[in-house]
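**Q**
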Amino acid sequence: MMSPSRSSSMESVKTLNPLPTLIKAKKAISPESAKILMDLVDERGKVSEWYSNPKCLEYQIANPFASIRGDNDHKIISILPELFGLGESVMRHLNWGFKNSAFEYATGYHGFWVLKYLEGGEFEPHCDWDSGPNGIRPPVVATAAILLNNEYEGGGIIIYDCEGNPSIVEDKKEQYSMTIWDGYTQHCVKPVTKGIRYALVIHYTGISK
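Position in the sequence shown (first residue = 1) + 53 = our numbering.
1. State the DSSP-derived secondary structure class of Phe-118, mapped to helix, strand or coil.
2. Buried or exposed: Lys-152, going by 16 or more other Cβ atoms within 10 Å of its Cβ?
3. Relative to the alpha-carbon of Val-143, which residue among Asp-126, Lys-80, Ser-261 has its alpha-carbon at the smallest distance?
4. Out of curiosity, what's the CA-to-CA distance linking Leu-139 and Ile-260?
5. Pick from Ile-114, Val-100, Lys-99: whose alpha carbon is nearest that of Ile-44?
6. Could you give the C-beta distance for Ile-221 and His-240, rounded to a whole number, given that I count them as a contact under 8 angstroms?
7. With the cut-off set at 8 angstroms, would you say His-174 and Pro-107 are in Cβ contact?
8. As a quick exercise: from Phe-176, His-256, Glu-157, Gly-236, pick the residue whose alpha carbon is nearest that of Val-242.
9. What number of angstroms, rounded off, separates the C-alpha of Lys-225 from the C-alpha of Met-231?
10. Count the other CB atoms within 10 Å of the CB of Cys-215; is the residue buried (16 or more) or exposed (fewer)?
11. Go ahead and pull the three-state DSSP assignment for Glu-96.
12. Select from Ser-101, Asn-148, Cys-180 the residue whose C-alpha is nearest the C-alpha of Gly-217.
13. Helix, strand or coil: which one does DSSP assign to Leu-171?
14. Just checking: is the beta-carbon of Ala-78 within a distance shorter than 8 angstroms of some beta-carbon in chain B?
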């Protein structure tokens with residue numbers, strides 16, 4: 054899954070539901086690549102265009118659907134093998150493990166989104182699958198979020214069940230850990246109360262039921 058120069062690999066992949074809509078994994082990305090991704094969004098990140106995502110900078114890598122595409126320089130090229138391997142590995146877990154999801158199977162993804170939440174930054178409750186005019190195209194059927202650092206307070210991911218009950222799924226702030234959820238699931242990122250929160254997000258496309 055990782056490039057030959059990287060030593061990390063996903064460990065302890067666990068499904069948290071007998072009929073899963075949520076998957077967690079440890080050590081999803083190498084420390085070297087996490088550092089490069091944080092440097093990239095520090096250097097090149099732009100203010101998020103999503104109204105529900107204030108005080109957040111984002112930088113997109115290898116998104117085939119992006120309206121504006123940048124050139125891949127040596128820094129980006131150095132991490133692409135690991136990112137593509139991670140993207141494909143997550144897609145296999147989605148198609149194997151999500152038995153009660155609202156999609157038939159994932160077929161691809163919107164590249165890689167590096168997010169930098171500043172102090173006070175949050176993402177209000179929302180659903181990644183959005184068929185409206187302001188939604189991501191093509192619609193998102195599943196999302197993977199990888200935590201790149203842990204030097205911050207607040208900023209936990211909350212997943213809501215079908216009855217609107219919240220469940221904190223990123224309370225330990227375990228660096229390099231990953232959470233994957235169904236794109237039709239309501240979720241949010243709580244406000245960062247101290248420091249800066251960095252995350253890598255992969256939005257998956259696919260066939261809806």
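Glycine included, each C-beta is placed from N, C-alpha and C at the ideal position.
**A** Based on what the coordinates show:
1. coil
2. Burial state of Lys-152 is exposed, judged by a 10 Å Cβ sphere holding fewer than 16 other Cβ atoms.
3. Lys-80
4. Going by C-alpha positions, Leu-139 is about 21 angstroms away from Ile-260.
5. Because residue 44 is not part of the residues shown, which for the chain are 54 to 262, the question remains open.
6. 11 angstroms between Cβ atoms; not a contact.
7. For the sequence presented, residue 174 should be read as Gly rather than His. Cβ distance < 8 angstroms, so Gly-174 and Pro-107 count as in contact.
8. Phe-176
9. 12 angstroms
10. exposed
11. helix
12. Looking at Ser-101, Asn-148, Cys-180, the one whose alpha-carbon comes closest to that of Gly-217 is Cys-180.
13. coil
14. Protein chains in the displayed structure number just one, and chain B is not present.
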